[in-house]
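> This structure is in structure tokens; I'll ask about it shortly.
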Amino acid sequence: MAAVESYPDDLKYHEEHDWARMEGDEAVLGITWFAADALGELVHFEAPEAGSTVTKDQSYGEVESVKAVSDVIAPLSGEVLEVNERVVDAPETVNEDPYGNGWLLRIRVADPAEADALLDAGSYRELLAQQ
Amino acid sequence: MPATLLHTPLHDRHVELGARMVPFAGWEMPVQYAGVIPEHRAVRTDAGVFDVSHMGELEVEGPHAHDLLQGTLSNDLDKLEPGQAQYTLLTNEDGGIIDDLIVYRLGAHSYLLVVNASNRENAYAWLKEREIPGSDVRDASEDCALLAVQGPRAIERLGLPPARPFTFAEASIDGVEVMVNRTGYTGEDGCELLCMSEDAVRLWDAVLERGAVPCGLGARDTLRLEVCYPLHGNDIGPETDAISAGLGWACALDKEFEGVDVLRRVKADGPERRLVAFVMEEKAIPRQGMRIDGGGEVTSGSHSPMLEIGIGMGYVPAAQAQPETELTIDVRGRPRRARVVKKPIYKRED
């Protein structure tokens, strides 16, 4: 079952509908409920390889539903430590639990100051309200 | 694109059900309600209902209606008795496909053509220009609504008697007079119910009450692709011929119709390229327009909800058209392996 709309307060948000959870010098990345809902049930995650680098504001992969393909934008720069294989095997996990089991990447953050430029939950909700 | 999108008589029902509405061939249509995948599975396992009232209905009547259609449609109309239907093509002088459609023989001198929404005007104009004395072509689309009720339990849920595919009969469903056509676009048992526009809401409500799941154009596309029914505008069109598309079975090459000489020649020489079905051998979803190594191109691609892999159709050089041939598809710059398979891609395990 698809999750109910939510934007947790402990996350940082990128205007391209991605989130980051800061954990020391690492971060967990994913896409927001809004992005997952707009795409519909995900059926494919084209993931980067562990050890590769992602760059803030640039695409690091693709998510696909039956009807649509979308780039996934990195909210932060860093080195890919881990890809969520559960999502690779069962992409619908993102729809079911976008901020929990449906995370996409764990990265080592290259520049923690980049996080300061991201939106908090309140600002992201305001952004959605304008769309 | 027209500034205003057309609405079917069921538009308000779709919105009330929370459908995601999208523009399609000039109409605002539901692409999904609960989701493409659950809707697709409902049709494969039980019953689903699609509003396909955007499709066009052309009536051709008169003592020479048969002659007009026999000279313009590819399939042999002589094989059709009143009460029967036939898949056929409207072809141009180059053997290209103006539309693929189903023709219903209503009576000795009366036919109904159900045409694609996007080709309604072209098909009507093409036939109207070729009218002969004793044949009259009329666009009856605005008078009609069409619901496709599809799935292994569709007929049972509607309380209809068994009937052979490609036949039709009049019936009453919960008080609504309908023409029950045993046709469809999903590869499942079921029917298409034609009714008067003003009865569409009552019929829709009755069909939902009987347990059919509302399904959108998204599931309609994945269902037809799994069973390799071509989509006009993707897999076939005015620039493609029926032989290369694998639709030679719908062409009576021993009769005269527009473009038949071209089709005879393609058949005799063998097509240079063929429309094949394929499945992905790696995780990737093929999409329309992607290049296939060797000169081919994907014409339809999606994720198969039943097989849970990427599937598609596309034109490849004839040398690559044999089942089991390995293909390489350019998925946005990444080469991904696919394999040609016999049509249909999906078949129920009995």
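Sequence lines, in order, name chains H and Y. No gaps in the numbering here: position 45 of the first sequence is 45 in my numbering, and each next residue is one more. If you want my numbering, it's the position in the second sequence, counting the first as 1, plus 1000. For each residue, glycine too, the CB sits at the ideal point set by N, CA and C.
1. Please confirm if residue 30(H) has its CB atom under 8 Å from at least one CB of chain Y.
2. Express the C-alpha separation of residue 1194(Y) and residue 1145(Y) in angstroms, rounding to a whole number.
3. In the DSSP assignment, find the alpha helix (DSSP H) that holds residue 1037(Y) and state where it starts and stops.
4. Can at least three beta-carbon pairs, one atom from the stretch 1066-1082 of chain Y and one from the stretch 1121-1135 of chain Y, be found at a separation below 8 Å?
5. In three-state DSSP terms, what is residue 1132(Y)?
6. Helix, strand or coil for residue 4(H) per DSSP?
7. Under 8 Å Cβ-Cβ, which residues of chain H neighbour residue 1351(Y)?
8. Taking only the alpha-carbon atoms, compute the straight-line gap between residue 1343(Y) and residue 1278(Y) and give it to the nearest angstrom.
9. Identify the residues that DSSP records as bridge partners of residue 1195(Y): which are they?
10. DSSP state of residue 1124(Y), grouped into three classes?
11. Tell me whether residue 1292(Y) sits in a helix, a strand or coil according to DSSP, three-state version.
12. For chain H, is any of its Cβ atoms less than 8 Å away from the one on residue 1054(Y)?
13. Less than 7 Å between the CB of residue 1210(Y) and some heavy atom of the ligand COA, yes or no?
14. When the Cα atoms are used, what is the spatial distance from residue 1201(Y) to residue 1009(Y)?
15. Within the same chain, show all residues whose beta-carbon is closer than 7 Å to that of residue 1149(Y), passing over the 5 residues directly before and after it, in chain order.
16. Would you kindly work out how many angstroms separate the C-alpha atoms of residue 116(H) and residue 1313(Y), rounded to a whole number?
17. Count the other CB atoms within 10 Å of the CB of residue 118(H); is the residue buried (16 or more) or exposed (fewer)?
18. Could you check how far apart the C-beta atoms of residue 1300(Y) and residue 1225(Y) are, in whole angstroms? I think they sit under 8 Å.
19. Looking at the unbroken alpha helix (DSSP H) that takes in residue 34(H), where does it start and where does it end?
20. By Cβ distance, which residues of its chain are closer than 7 Å to residue 98(H), with the 5 residues on each side in sequence left out?
21. Assuming residue 1266(Y) is part of the beta strand (DSSP E), what are its boundary residues?
22. Grab the span of the alpha helix (DSSP H) containing residue 1014(Y) for me, first residue to last.
23. Determine, for residue 44(H), whether the minimum Cβ-Cβ distance to residues of chain Y falls below 8 Å.
24. DSSP puts residue 1005(Y) in a beta bridge; with which residues?
25. Write down the C-beta distance between residue 1122(Y) and residue 1097(Y) rounded to the nearest angstrom, noting that I regard them as a contact closer than 8 Å.
26. Exposed or buried, what is residue 1137(Y) when buried is set at 16 or more other beta-carbons lying within 10 Å of its beta-carbon?
27. Going straight from the alpha carbon of residue 1030(Y) to that of residue 1204(Y), what length do you get?
28. Using a beta-carbon distance below 8 Å, is residue 1303(Y) in contact with chain H?
29. Taking only the alpha-carbon atoms, compute the straight-line gap between residue 1153(Y) and residue 1043(Y) and give it to the nearest angstrom.
30. Quick one: which chain H residues come within Cβ less than 7 Å of residue 1035(Y)?
31. Any beta carbon of chain H sitting closer than 8 Å to that of residue 1285(Y)?
32. Whole angstroms are fine: how far does the CA of residue 100(H) sit from the CA of residue 111(H)?
33. According to DSSP, which residues form a beta bridge with residue 1313(Y)?
34. Report the option in 1264(Y), 1111(Y), 1176(Y), 1303(Y) whose CA atom is closest to the CA atom of residue 1219(Y).
35. Here's the rule: buried if 16 or more other CB atoms are within 10 angstroms of the residue's CB, otherwise exposed. What is residue 1332(Y)?
36. Helix, strand or coil: how does DSSP classify residue 58(H) here?
Judging by the given coordinates:
1. no
2. 6 Å
3. 1036-1045
4. yes
5. coil
6. coil
7. Shown here, chain Y extends from 1001 to 1350; a query on residue 1351(Y) therefore has no answer.
8. 9 Å
9. 1145(Y)
10. helix
11. strand
12. no
13. Inclusion of the ligand COA in the displayed structure is not the case, the ligand content being empty and no account of it being possible.
14. 7 Å
15. 1047, 1049, 1158, 1190, 1191, 1193, 1207, 1212
16. 47 Å
17. buried
18. 5 Å
19. 33-39
20. 3, 30, 31, 32, 33, 36
21. Element bounds for residue 1266(Y): not the beta strand (DSSP E) but the alpha helix (DSSP H), 1260-1269.
22. 1011-1016
23. yes
24. Partner(s): none; residue 1005(Y) has no beta bridge.
25. Wrong, their Cβ atoms sit about 11 Å apart, outside the cutoff.
26. buried
27. 14 Å
28. yes
29. 9 Å
30. 40, 41
31. yes
32. 24 Å
33. 1277(Y), 1300(Y)
34. 1303(Y)
35. exposed
36. coil
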